[in-house]
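To convert, note that position 39 of the sequence shown is 39 in full-length UniProt numbering; the numbers rise steadily by one, no gaps. From the three backbone atoms N, C-alpha and C, an ideal C-beta is built for every residue, glycine too. Here the structure comes first, spelled out in structure tokens, and everything after it is commentary.
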Amino acid sequence: MRDNSRMGRKRHAGGDKDGATSKKYSFWPEKLDKPLVECILELVEKGLIVDGNCKNGGYAALEKMLEQKVPGCGVRGRPHIEGRIKKLKKNWQAITFMRNQSGWGWDEANKCVTCPDGKWNDFEQMYPTCRGLNKKPFPVYDDLTSVFAKGQ
Numbered sequence: 001m002r003d004n005s006r007m008g009r010k011r012h013a014g015g016d017k018d019g020a021t022s023k024k025y026s027f028w029p030e031k032l033d034k035p036l037v038e039c040i041l042e043l044v045e046k047g048l049i050v051d052g053n054c055k056n057g058g059y060a061a062l063e064k065m066l067e068q069k070v071p072g073c074g075v076r077g078r079p080h081i082e083g084r085i086k087k088l089k090k091n092w093q094a095i096t097f098m099r100n101q102s103g104w105g106w107d108e109a110n111k112c113v114t115c116p117d118g119k120w121n122d123f124e125q126m127y128p129t130c131r132g133l134n135k136k137p138f139p140v141y142d143d144l145t146s147v148f149a150k151g152q
């Protein structure tokens, strides 16, 4: 007979007995996006980033360059910059997808997608990767297009 005494208990991966996990999460301030993208564009020209992917030494180079542009920012190549590039690429892909939908618009002044009235909630349920991006400014979209469009 099976012991069911554990069923219903939550398992905590890598946590203490109170359930607190040891994994650390970092918050990326959006004010660092513009300088990060400027650094990415420089590395694209140098060939250290191809199709939106860093070659060997790319994240370390971005870390140094970003520290020069924003002294004291304290971000690391891995996991901070690597994670932010993944997030920027995911958002860029979602926004590109939305811009290609019939009836959708692009607000050039605010650099954001505009959705036809009343369609956003249904669209968001069908495409969860687009959640939260309606009318959200994405000022680095054009620059990221030159980085990610070729790798699509």
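Going by beta carbons, residue 104 and residue 141 fall outside the 8 Å limit. Residue 55 and residue 115 have their C-alpha atoms roughly 37 Å apart. Counting other Cβ atoms within 10 Å of its Cβ, residue 52 reaches 16 or more and is therefore classed as buried. Of the residues assessed, residue 98 falls on the buried side of the cut-off, its CB having 16 or more other CB atoms within 10 angstroms.
Annotation for residue 143: the continuous alpha helix (DSSP H) segment containing it runs 141-148. In this model, residue 110 and residue 58 are separated by some 31 Å (Cα to Cα).
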